[in-house]
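Colleague: The following block contains the structure, expressed as structure tokens.
See the structure below:
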């Protein structure tokens, strides 16, 4: 399988200050692109602790990074376990990376309904250890709870759309992504990609507790970062970026390194259109 280009790769290596023989954490290994670059730059004895929650992605990354031996220490866990694992290992990190984007692999090859461009089961679980699926949300949540999912995700006309979903499911339960796309077309009289993206994203965030997990990891990672160590976070939508921006502004343990986020160059966006909404923020442990 081909590996997709990691976002803002050179910028991450520079701003994270990746040097030989240091300890780094990649909290969102994905297909291993950033991890591989960090291991290359930190050779010959730099160590990477990598976390990847999605089972197939984890196996692929493990294969890709196997050539680095025990320099690449990978865990099939959500990034909320970074603090627990590093404390158990008795180490502090020189740098921590969180790339909050959903990988091309999950969109194109997971079969779990992350993409509105494929007709797949409405699953959207990053890990099968989760019980909640997008199908359950759409078929079981009452109007109030479903409204909150769409409001949190900043879906247009969130409450009315939730009411529409609850009525529509009486006729036919939601099973596949195609069912949801048809409901969106029926309600909004539109199938704009940006509209579908925000609706699918709102369900994915709820299934995987993404904002809650991000809040947790932001509170905890400064505890396992060396003084002078850096944390670099790439976000792809305003909900995440707001949390990250606020973290760098108010956490007394972290000093913001950048006044404004780093964004991809036009050249990178041409090569990799999915990079267009990426924002990189960087902080340093005081």
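In the numbering used here, the protein residues as written are 1 to 286.
Note that CB positions come from ideal geometry on N, CA and C, so glycine has one too.
1. For the beta strand (DSSP E) that contains residue 98, what are its first and last residues?
2. Going straight from the alpha carbon of residue 229 to that of residue 96, what length do you get?
3. Give me whichever residues DSSP pairs with residue 49 in a beta bridge.
4. How many angstroms separate the CA atom of residue 244 from the CA atom of residue 210?
5. Please list the terminal residues of the continuous beta strand (DSSP E) segment that includes residue 235.
6. Of the residues 71, 56, 278, which one's Cα is nearest the Cα of residue 128?
7. Starting from residue 284, follow its DSSP beta bridges and name the residues at the other end.
8. With a cut-off of 8 Å, do at least 3 Cβ pairs link the stretch 125-139 to the stretch 198-213?
9. If you scan the stretch 90-173 from start to end, which runs of the beta strand (DSSP E) of 3 or more residues do you find wholly inside it?
10. Let's test the definition: count the other Cβ atoms within 10 Å of the Cβ of residue 40 and tell me whether it reaches 16, buried, or not, exposed.
11. Name the DSSP beta bridge partners of residue 279, please?
12. Would you call the CB atoms of residue 181 and residue 191 closer than 8 Å?
13. Cα separation between residue 234 and residue 169?
14. With DSSP collapsed to three states, give me the class of residue 176.
15. Can you round the beta-carbon distance between residue 65 and residue 35 to whole angstroms, since I take them to be within the 8 Å contact cut?
16. Can you give me the Cβ contacts of residue 187 inside the same chain, cut-off strictly under 7 Å, excluding the 5 residues immediately before and after it?
Modeller: Straight from the coordinates:
1. From DSSP, the beta strand (DSSP E) with residue 98 extends over 93-99.
2. Those two C-alpha atoms are separated by around 8 Å.
3. 25, 73, per the DSSP bridge assignment.
4. About 13 Å.
5. Here the beta strand (DSSP E) through residue 235 covers 225-235.
6. That would be 56, whose Cα lies nearest to the Cα of residue 128.
7. Under DSSP, residue 284 takes part in a beta bridge, and its partners are 230, 255.
8. Using a Cβ-Cβ distance cut-off of 8 Å, the stretch 125-139 and the stretch 198-213 are in contact, since at least three pairs of beta carbons, one from each stretch, lie closer than that value.
9. Taking only runs of at least 3 residues, the beta strand (DSSP E) segments lying wholly in the stretch 90-173 are 93-99.
10. Residue 40 counts as exposed, since fewer than 16 other beta carbons sit within 10 angstroms of its beta carbon.
11. Residue 279 is bridged by DSSP to 235.
12. A contact, by the Cβ cut-off of 8 Å.
13. Within the model, the alpha-carbon separation for residue 234 versus residue 169 is close to 36 Å.
14. Look at residue 176 here: in three-state DSSP terms it is strand.
15. That pair is a contact at about 6 Å.
16. 161, 164.
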